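Enquirer:
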Amino acid sequence: MNENPSIYWLIIPILLLIICSSFFSAAETAYTTLNIGKIETLVNKKAFGAKLIKKQFSFFNQTLVTLLICNNVVNIASSALLSSLLAKALVGNLSNYVALFSTLVMTPIIVLLGEITPKLIAKYHPINTAQVICYPLSFFYYLFWIFTYPISKIGKKIYITNTEEDLKNIIDVAQNEGVLETNESIMAQNALDLDSIKVKKHYVRLKDVVSVNVNNSNISEILDVFVETNYSRLPVINN
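Counted the way the UniProt record's numbering counts, the sequence shown spans residues 1 to 239.
1) Grab me the residues of Lys54's own chain with a C-beta within less than 7 Å of its C-beta, minus the 5 sequence neighbours each way, in chain order.
2) Three or more C-beta pairs closer than 8 Å, one from the stretch 163-172 and one from the stretch 73-89: is that the case here?
3) Which of the three DSSP states is assigned to Ile170 in this structure?
4) For Ile121, name the three-state secondary structure that DSSP assigns.
5) Could you spell out the range, first to last residue, of the alpha helix (DSSP H) harbouring Glu184?
6) In angstroms, rounded to a whole number, what distance separates the CA positions of Gln175 and His125?
7) From the DSSP output, in three-state form, read off Ile237 for me.
8) Which residues mark the beginning and the end of the alpha helix (DSSP H) in which Asp224 is found?
9) Out of Gln131, Arg233, Gly178 and Gln189, state which residue places its alpha-carbon closest to the alpha-carbon of Lys168.
10) Whose C-alpha, out of Leu15, Phe226, Asn213 and Glu221, is nearest the C-alpha of Ile237?
11) Does DSSP classify Asn75 as helix, strand or coil?
12) For Pro13, is the classification buried or exposed, using 16 other Cβ atoms within 10 angstroms of its Cβ as the cut-off for buried?
See the structure below:
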């Protein structure tokens with residue numbers, strides 16, 4: 001092992017690059033986990049960074065390309081620096097295996113600290129992660145704009161308004177998670193089906209309508225009708 005003091009100065013930039021990798025990985029997961037509903041809620045509450053997050057989300061393709069470019073750059077750079085460090089540190093026959101040692105050391109570090117851990121944190125805390133990341137991300141967004149803009153135009157816009165089927169599934173999930181009561185879920189589902197429901201399936205014929213006569217009914221009789229029918233409202237007729 002070579003005791004060259006200069007090798008220790010390479011450790012600091014390697015650690016910084018690993019932190020940057022964690023940053024970009026967390027940002028990627030946070031922005032892919034967010035949806036426009038959560039973002040609008042943040043904007044309405046005037047939460048920190050809400051407007052900037054909304055702006056970045058509206059250019060999602062470009063934001064995603066920026067994060068992918070940055071993440072790959074820092075991962076490649078950290079591997080290159082580690083190879084340089086090992087080339088200086090290893091002597092004799094071991095110096096012939098710099099690439100192997102670099103791969104064996106850097107791969108688990110990048111996977112665990114630069115990918116899995118930050119992505120898990122961002123998945124469970126996407127809003128907080130986005131609020132922390134949004135302003136630093138703007139710097140890289142404009143730094144790589146000349147590269148990300150044309151690349152982002154290759155694919156079609158990823159995020160579109162949810163379809164009716166998507167909304168129904170979201171309502172089901174909300175009910176299962178306890179966000180909506182069963183009757184609220186049913187009402188929401190039925191509201192989405194209003195345009196396809198025929199009136200004749202639900203209308204009540206006039207002779208079957210329960211009503212009270214303004215001239216012939218007293219308060220006691222009206223109360224009895226409410227109790228018997230369990231209705232909250234009754235039509236009043238003048239006949």
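Glycine included, C-beta positions come from ideal geometry on N, C-alpha and C. The model shown is predicted, which means the values in this text are computed figures rather than measured ones.
Expert: The answer reads as follows:
1) If you number the sequence shown from 1, residue 54 lands on position 54. Excluding residues within five positions, the ones whose Cβ falls inside 7 Å are Ile39 and Val43.
2) no
3) Here residue 170 corresponds to residue number 170 of the sequence shown, with the count starting at 1. Three-state DSSP puts Ile170 in a helix.
4) Residue mapping note: residue 121 aligns to position 121 of the sequence shown, counting from 1. Taken through DSSP and simplified to helix, strand or coil, Ile121 comes out as helix.
5) Position 184 of the sequence shown, counting from 1, holds the residue named residue 184. Element bounds for Glu184: Thr182 to Leu192.
6) Against the sequence shown, residue 175 aligns to sequence position 175. Against the sequence shown, residue 125 aligns to sequence position 125. Their Cα atoms are separated by approximately 22 Å.
7) Taking the sequence shown and counting its residues from 1, the one referred to as residue 237 is at position 237. The answer is strand: DSSP assigns Ile237 an E or B state.
8) Here residue 224 refers to the residue found at position 224 of the sequence shown. Here the alpha helix (DSSP H) through Asp224 covers Ile219 to Thr229.
9) For the purposes of this step, residue 168 is identified with residue 168 of the sequence shown, where counting begins at 1. Of the candidates Gln131, Arg233, Gly178 and Gln189, the one whose C-alpha sits nearest the C-alpha of Lys168 is Gln189.
10) Here residue 237 refers to the residue found at position 237 of the sequence shown. Cα-wise, what sits closest to Ile237 is Asn213.
11) The residue labelled residue 75 in the question sits at position 75 within the sequence shown. Reduced to three states, the DSSP call for Asn75 is helix.
12) Within the sequence shown, the letter at position 13 stands for residue 13. Pro13 should be labelled exposed.
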